[in-house]
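J.: Below is one structure. I have some questions about it.
2 protein chains.
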Amino acid sequence: MNRTASIKDVANHASVAVGTVSNVLNYPDRVSQRTKERVLKAIDELGFVRNDAARQLRAGHSRTVGLIVLDVGNPFFTSVVRAAEDAASVHGSAVLLGDSGHDAGREANYIDLFQEQRVQGLLISPVGDVTERLDLLRERGVPTVLVDRLADESRFSSVSVDDDAGGYLAARHLLDTGRRRLAFVGGPTSIRQVSDRLQGAQRAVKEEPDATLEVLTSEGMTVLAGRSVGNMLVERGPEHLPDGIFCANDLLALGVMQSLTMTHTFRIPEDVALIGYDDIDFAVSAVVPLSSIRQPTEALGRTAIELLTEEVESQNATHRAVVFTPELVVRQSTGKA
Amino acid sequence: MNRTASIKDVANHASVAVGTVSNVLNYPDRVSQRTKERVLKAIDELGFVRNDAARQLRAGHSRTVGLIVLDVGNPFFTSVVRAAEDAASVHGSAVLLGDSGHDAGREANYIDLFQEQRVQGLLISPVGDVTERLDLLRERGVPTVLVDRLADESRFSSVSVDDDAGGYLAARHLLDTGRRRLAFVGGPTSIRQVSDRLQGAQRAVKEEPDATLEVLTSEGMTVLAGRSVGNMLVERGPEHLPDGIFCANDLLALGVMQSLTMTHTFRIPEDVALIGYDDIDFAVSAVVPLSSIRQPTEALGRTAIELLTEEVESQNATHRAVVFTPELVVRQSTGKA
DNA sequence: GCGGATATTTGAATCGTTTCATTGGTACGA
DNA sequence: TCGTACCAATGAAACGATTCAAATATCCGC
Numbered sequence: 046m047n048r049t050a051s052i053k054d055v056a057n058h059a060s061v062a063v064g065t066v067s068n069v070l071n072y073p074d075r076v077s078q079r080t081k082e083r084v085l086k087a088i089d090e091l092g093f094v095r096n097d098a099a100r101q102l103r104a105g106h107s108r109t110v111g112l113i114v115l116d117v118g119n120p121f122f123t124s125v126v127r128a129a130e131d132a133a134s135v136h137g138s139a140v141l142l143g144d145s146g147h148d149a150g151r152e153a154n155y156i157d158l159f160q161e162q163r164v165q166g167l168l169i170s171p172v173g174d175v176t177e178r179l180d181l182l183r184e185r186g187v188p189t190v191l192v193d194r195l196a197d198e199s200r201f202s203s204v205s206v207d208d209d210a211g212g213y214l215a216a217r218h219l220l221d222t223g224r225r226r227l228a229f230v231g232g233p234t235s236i237r238q239v240s241d242r243l244q245g246a247q248r249a250v251k252e253e254p255d256a257t258l259e260v261l262t263s264e265g266m267t268v269l270a271g272r273s274v275g276n277m278l279v280e281r282g283p284e285h286l287p288d289g290i291f292c293a294n295d296l297l298a299l300g301v302m303q304s305l306t307m308t309h310t311f312r313i314p315e316d317v318a319l320i321g322y323d324d325i326d327f328a329v330s331a332v333v334p335l336s337s338i339r340q341p342t343e344a345l346g347r348t349a350i351e352l353l354t355e356e357v358e359s360q361n362a363t364h365r366a367v368v369f370t371p372e373l374v375v376r377q378s379t380g381k382a
Numbered sequence: 046m047n048r049t050a051s052i053k054d055v056a057n058h059a060s061v062a063v064g065t066v067s068n069v070l071n072y073p074d075r076v077s078q079r080t081k082e083r084v085l086k087a088i089d090e091l092g093f094v095r096n097d098a099a100r101q102l103r104a105g106h107s108r109t110v111g112l113i114v115l116d117v118g119n120p121f122f123t124s125v126v127r128a129a130e131d132a133a134s135v136h137g138s139a140v141l142l143g144d145s146g147h148d149a150g151r152e153a154n155y156i157d158l159f160q161e162q163r164v165q166g167l168l169i170s171p172v173g174d175v176t177e178r179l180d181l182l183r184e185r186g187v188p189t190v191l192v193d194r195l196a197d198e199s200r201f202s203s204v205s206v207d208d209d210a211g212g213y214l215a216a217r218h219l220l221d222t223g224r225r226r227l228a229f230v231g232g233p234t235s236i237r238q239v240s241d242r243l244q245g246a247q248r249a250v251k252e253e254p255d256a257t258l259e260v261l262t263s264e265g266m267t268v269l270a271g272r273s274v275g276n277m278l279v280e281r282g283p284e285h286l287p288d289g290i291f292c293a294n295d296l297l298a299l300g301v302m303q304s305l306t307m308t309h310t311f312r313i314p315e316d317v318a319l320i321g322y323d324d325i326d327f328a329v330s331a332v333v334p335l336s337s338i339r340q341p342t343e344a345l346g347r348t349a350i351e352l353l354t355e356e357v358e359s360q361n362a363t364h365r366a367v368v369f370t371p372e373l374v375v376r377q378s379t380g381k382a
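So the sequence lines, in the order shown, correspond to chains A and B. The numbering used here numbers the first residue of the first sequence as 46 and each following residue consecutively. The numbering used here numbers the first residue of the second sequence as 46 and each following residue consecutively.
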């Protein structure tokens, strides 16, 4: 048994026509119970597996959806992927996953590959500005939904999270626990997420006349960058320390926490409250469990598939941009002073 | 322009035969410069994209390889995936990625999907025992390479990492820095990786007559599990503390580190040396940068693709089990006492 | 300008499905 | 017994590429 069995082999083995085998597979109701059983038995005996290439060729479209993310290692995307897979499987389609790794070349490779595969549509968290490329896709009839990026609704559908609202939420929480001398840690500000979160924080601070917000620009969004900001704060001495710190992501916050707790001059949350962003797994297991802002990743993935399905089914070119609001997760690091 | 252009459209537009267009795509040398230009121009003007389903149907096999991992969020697998993708692209194939999430059902879905897609072969980091299923695949002519699992060479090729050697490496390093009262933290011991690493550590300790190894079983492999082991050690008091701790992964080690440094009764590495396993990103940015054992993930991914390619090209059923040796990464946490 | 060798191009056959118009059977009421 | 529905099953056409034997063009030396 060298070659894998074809539908014709099954038909012969069950003494029926190929069309009947196809019907058993795709429209079981059209086939009588008796022949159905006979065909299924033959399928089983020959170990027949449908050749998706042939099916797709005839059908004109595939049952797969392409998903290109910036980094599969990033828990944010991992969760989005998982949700998208689950949502797609409900529709009977599967997700082909591509990891661009923030590299435009890899991204382009995946776009090409998925186009050759004739995916039903594409979900993409784009590297930089690829709108021209995506315009081309749209023209060629490949529906596309942007993920984690707000799109011009006249051209694409998109799902994204409101970073301004997240920033507001974080700062408002610090204010609500009685802090007034706030600091924002993040950088570089050229990153849209950073500037949006800062903007939201500023909006919250303006609501309290006696509150101030200091901006501490970090060099990147890593633990080490957070630690150097933290060290700088420690050197300032207690009297000049903010009493509430909002970090643009959890890694930064963990770094700041390391600096502050290592010296044992300051206590979290008694002297300084600390809140991060993303709610990574490590947040809960930090030395002082870290309050954070959680992004609704499951909803992102699920909705992305839904929007795509809408576009596939209705040919009209109306797009929707769905924006989600993140959620505050309170832990010990922002407990009462 | 509703339907995407086919090779026939291109042929008409360029006034050549379809065979010629195919040759331009697949055997450019067989085509004269003049016609090649004409055809390429037509391809460009029509926005032609090859239909992979048709190609595959005729060719009998695809240019894709299936890769099913236990958890794309795990940095170990992320790195393997990345390396496999790069290695595959050298061979002109692409990787279809599936995430089983340790779920046998999802795994089965992906196996079915990939089989319908007629992937060239399958790389899989299996959930539990799926050897019967994989045997079926093999019978049907889908070459399979096991990833991160040692396989019976009579049945499959595999790539894996020698956890015993890794455990030896870690314990030997602690011994080499003068520690003698060692402790191993990990659990549950039913996990093969845990028991293998412990075994390697025991082997190293036996080499030093005056050295001892205490086994501290943890409840899981998380930061919190590590912290509770750490707290237990702190309560013992300084005189009963080990002077070198080997944790079965970095998360455990970070938890232990949190406990020991929080109390400030013990210093790392002066009082206790600490080494983890996996060399996750967080290891380098821990409060005390953590020594660890790094697994050669790039080599795993690359070699997996190579073994698969071997199986695809040579029909003979000889398999190879390649075992890699991990690597010691020394950082501050195991500095001299 | 010719014969032969080589380089290009042609187009029909083929892969394994799905689709659908057609055929063959069966049941039922008149 | 006939006619009418209805239900199952049939099998040829179609999808869009690749392949390959055959046809044609080009080149070379004499």
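C-beta atoms are modelled at their ideal positions from N, C-alpha and C, and glycine is treated no differently. As the structure is a prediction and not an experimental result, all values here were calculated from the model.
At the 9 Å Cβ level, is Ala87 of chain A part of the contact set with chain B, yes or no?
T.: Along the first sequence, one-based indexing puts residue 87 of chain A at 42. Judged by the 9 Å Cβ criterion, Ala87 of chain A is not in contact with chain B.
J.: Say whether chain B places a C-beta atom closer than 9 Å to the C-beta of Glu90 of chain A.
T.: Your numbering for residue 90 of chain A matches position 45 in the first sequence. Not an interface residue.
J.: Taking only beta carbons into account, state which residues of the region 300 to 324 of chain A come closer than 9 Å to chain B, listed in chain order.
T.: So the list reads Gly300, Gln303, Thr306, Met307 and His309, given in the order they occur along the chain.
J.: Does the Cβ of Met302 of chain B have 16 or more other Cβ atoms within 10 Å, making it buried, or fewer, making it exposed?
T.: Position 257 of the second sequence, counted from the start, is the residue given in the question as residue 302 of chain B. Met302 of chain B should be labelled buried.
J.: So, does the CB of Ser107 of chain A fall closer than 9 Å to a CB anywhere in chain B?
T.: Sequence index remark: in the first sequence, residue 107 of chain A carries index 62 (1-based). Closer than 9 Å to some Cβ of chain B, the Cβ of Ser107 of chain A qualifies, so yes.
J.: Let me confirm a value: Tyr72 of chain B is counted as buried when at least 16 other C-beta atoms fall within 10 Å, else exposed. Which label applies?
T.: Within the second sequence, residue 72 of chain B is the residue found at index 27, counting from 1. It counts as exposed.
J.: Beta-carbon separation of Asp97 of chain B and Arg95 of chain A under 9 Å?
T.: Along the second sequence, read from residue 1 onward, the residue named residue 97 of chain B stands at position 52. Along the first sequence, read from residue 1 onward, the residue named residue 95 of chain A stands at position 50. Against a cut-off of 9 Å, the Cβ pair of Arg95 of chain A and Asp97 of chain B comes out as no contact.
J.: Can you tell me whether Gly231 of chain B is buried or exposed? The criterion is at least 16 other CB atoms within 10 Å of its CB, across all chains shown.
T.: As a working mapping, residue 231 of chain B is identified with position 186 in the second sequence. With 16 or more other Cβ atoms within 10 Å, it is buried.
J.: Anyone know if the C-beta pair for Ile338 of chain A and Leu319 of chain A falls short of 9 Å?
T.: Along the first sequence, read from residue 1 onward, the residue named residue 338 of chain A stands at position 293. Along the first sequence, read from residue 1 onward, the residue named residue 319 of chain A stands at position 274. Contact: no.
J.: Report the residue from A:Glu252, A:Asp174, A:Leu142 and A:Val117 whose alpha carbon sits nearest the alpha carbon of Pro168 of chain A.
T.: In the first sequence, residue 168 of chain A corresponds to position 123, counting from 1. The question names Pro, but residue 168 of chain A is Leu in the sequence shown. Checked all of A:Glu252, A:Asp174, A:Leu142 and A:Val117; the closest Cα to Leu168 of chain A is A:Leu142.
J.: Could you tell me which uninterrupted alpha helix (DSSP H) segments, each at least 4 residues in length, are contained entirely in the region 305 to 350 of chain A, listed from first to last along the chain?
T.: Complete alpha helix (DSSP H) runs here, min 4: 326 to 329.
J.: So who's on the other strand from Thr354 of chain B, going by DSSP bridges?
T.: On the second sequence, residue 354 of chain B is found 309 positions in, with the first residue counted as 1. DSSP output for Thr354 of chain B lists no bridge partner at all.
J.: Looking at chain B, is there any beta carbon in it that lies within less than 9 Å of the beta carbon of Ala132 of chain A?
T.: If you number the first sequence from 1, residue 132 of chain A lands on position 87. Chain B, which has no Cβ nearer than 9 Å to the Cβ of Ala132 of chain A, makes this no.
J.: What separation, rounded to the nearest whole angstrom, lies between the Cα atoms of Met46 of chain B and Arg185 of chain A?
T.: Within the second sequence, residue 46 of chain B is the residue found at index 1, counting from 1. Within the first sequence, residue 185 of chain A is the residue found at index 140, counting from 1. Reliability of the predicted coordinates at Met46 of chain B is poor, the pLDDT of 42 falling under 50, and no value is obtained from them.
J.: Hey, would you say Ala196 of chain A sits closer than 9 Å to Ala349 of chain A, going by beta carbons?
T.: Within the first sequence, residue 196 of chain A is the residue found at index 151, counting from 1. Within the first sequence, residue 349 of chain A is the residue found at index 304, counting from 1. Cβ distance not < 9 Å, so Ala196 of chain A and Ala349 of chain A don't count as in contact.
J.: Start and end of the alpha helix (DSSP H) containing Ile169 of chain A?
T.: Position 124 of the first sequence, counting from 1, holds the residue named residue 169 of chain A. Ile169 of chain A -> not in any alpha helix (DSSP H); beta strand (DSSP E) instead, spanning Leu167 to Ile169.
J.: Which residue marks the beginning of the alpha helix (DSSP H) containing Val187 of chain B, and which one marks its end?
T.: As a first step, residue 187 of chain B must be located in the second sequence, where it is residue number 142. Here Val187 of chain B belongs to no alpha helix (DSSP H), and DSSP marks it neither H nor E.
J.: Which residue marks the beginning of the alpha helix (DSSP H) containing Gly64 of chain A, and which one marks its end?
T.: Within the first sequence, numbered from 1, the residue matching residue 64 of chain A stands at position 19. Here the alpha helix (DSSP H) through Gly64 of chain A covers Val63 to Asn71.
J.: Can you say whether Arg272 of chain A is buried or exposed, counting buried as having 16 or more other CB atoms within 10 angstroms of its CB?
T.: As a working note, residue 272 of chain A is residue 227 in the first sequence. Buried, since its Cβ has 16 or more Cβ neighbours within 10 Å.
J.: For Leu286 of chain B, report the span of its beta strand (DSSP E) as first-last.
T.: Indexing the second sequence from 1 puts residue 286 of chain B at position 241. Looking at the DSSP string, Leu286 of chain B is not in any beta strand (DSSP E), and its letter there is neither H nor E.
J.: For Phe93 of chain B, which of helix, strand or coil comes out of DSSP?
T.: Working through the second sequence from its first residue, we reach residue 93 of chain B at position 48. In this structure, Phe93 of chain B counts as coil in the three-state DSSP scheme.
J.: Expressed to the nearest angstrom, what Euclidean distance is found between the alpha-carbon atoms of Thr65 of chain B and Ser124 of chain B?
T.: Position 20 of the second sequence, counted from the start, is the residue given in the question as residue 65 of chain B. Position 79 of the second sequence, counted from the start, is the residue given in the question as residue 124 of chain B. Their backbone Cα atoms lie some 41 Å apart in a straight line.
J.: Can you pull the chain B residues whose beta carbon is under 8 Å from the beta carbon of Asn96 of chain A, in chain order?
T.: One-based indexing of the first sequence puts residue 96 of chain A at position 51. Going along chain B in sequence order, the residues near Asn96 of chain A (Cβ under 8 Å) are Leu102, Glu161 and Arg163.
J.: Identify, in the order they occur along the chain, each residue of the same chain with its Cβ nearer than 8 Å to the Cβ of Ala210 of chain B, setting aside the five sequence neighbours on each side.
T.: In the second sequence, counting from the first residue as 1, residue 210 of chain B sits at position 165. Cβ within range, chain order: Gly245, Thr370 and Pro371.
J.: Please compile the residues from chain B whose C-beta is within a distance smaller than 7 Å of the C-beta of Ala139 of chain A.
T.: Residue 139 of chain A sits at position 94 when you count from the first residue of the first sequence. Those are Leu158, listed as they occur along chain B.
J.: Within its chain, find whatever has a CB closer than 7 Å to the CB of Ser263 of chain A; leave out the 5 residues flanking it on each side and keep chain order.
T.: Here residue 263 of chain A corresponds to residue number 218 of the first sequence, with the count starting at 1. Only Val230, Gly231, Gly232, Ala270, Gly271, Val274 and Leu297 meet the Cβ criterion.
J.: Where does Ser330 of chain A land, buried or exposed, given buried means 16+ other C-beta within 10 angstroms?
T.: The residue labelled residue 330 of chain A in the question sits at position 285 within the first sequence. The residue is buried, with at least 16 neighbouring Cβ atoms inside 10 Å.
J.: Going along chain B, which residues have a C-beta under 9 Å from Ala256 of chain A?
T.: For this step, residue 256 of chain A is matched to residue 211 along the first sequence. Per Cβ cutoff of 9 Å: no residues; Ala256 of chain A is ~31 Å from chain B at best.
J.: So, under 8 Å CB-CB, Val140 of chain B and Leu112 of chain B are touching, yes? Tell me the CB distance rounded to an integer number of Å.
T.: As a position in the second sequence, residue 140 of chain B is number 95, starting the count at 1. As a position in the second sequence, residue 112 of chain B is number 67, starting the count at 1. Yes, Val140 of chain B and Leu112 of chain B are in contact; Cβ-Cβ is about 5 Å, under 8 Å.
J.: Kindly say whether Gly282 of chain B, judged by its beta-carbon, lies nearer than 9 Å to any beta-carbon of chain A.
T.: The residue labelled residue 282 of chain B in the question sits at position 237 within the second sequence. No, its Cβ sits nowhere closer than 9 Å to a Cβ of chain A.
J.: For a test of the three-state rule: what should DSSP assign to Leu227 of chain A, helix, strand or coil?
T.: The count along the first sequence starts at 1 and reaches residue 227 of chain A at position 182. Note: Leu227 of chain A maps to strand in three-state DSSP.
J.: Work out the CA separation of Phe311 of chain B and Pro287 of chain B for me, nearest whole Å.
T.: Locating residue 287 of chain B in the second sequence gives position 242, counting from the first residue. Locating residue 311 of chain B in the second sequence gives position 266, counting from the first residue. Cα to Cα, the separation comes out at about 11 Å.
J.: Answer yes or no: does any C-beta atom of chain B fall closer than 9 Å to that of Gly232 of chain A?
T.: For this step, residue 232 of chain A is matched to residue 187 along the first sequence. Closer than 9 Å: no.
J.: Helix, strand or coil: which one does DSSP assign to Phe291 of chain B?
T.: What you label residue 291 of chain B is simply residue 246 of the second sequence in a count that begins at 1. Residue state, collapsed to three classes: strand.
J.: Quick one: is His147 of chain B buried, meaning 16 or more other Cβ sit within 10 Å of its Cβ, or exposed?
T.: Taking the second sequence and counting its residues from 1, one reaches residue 147 of chain B at position 102. Exposed is the call here.
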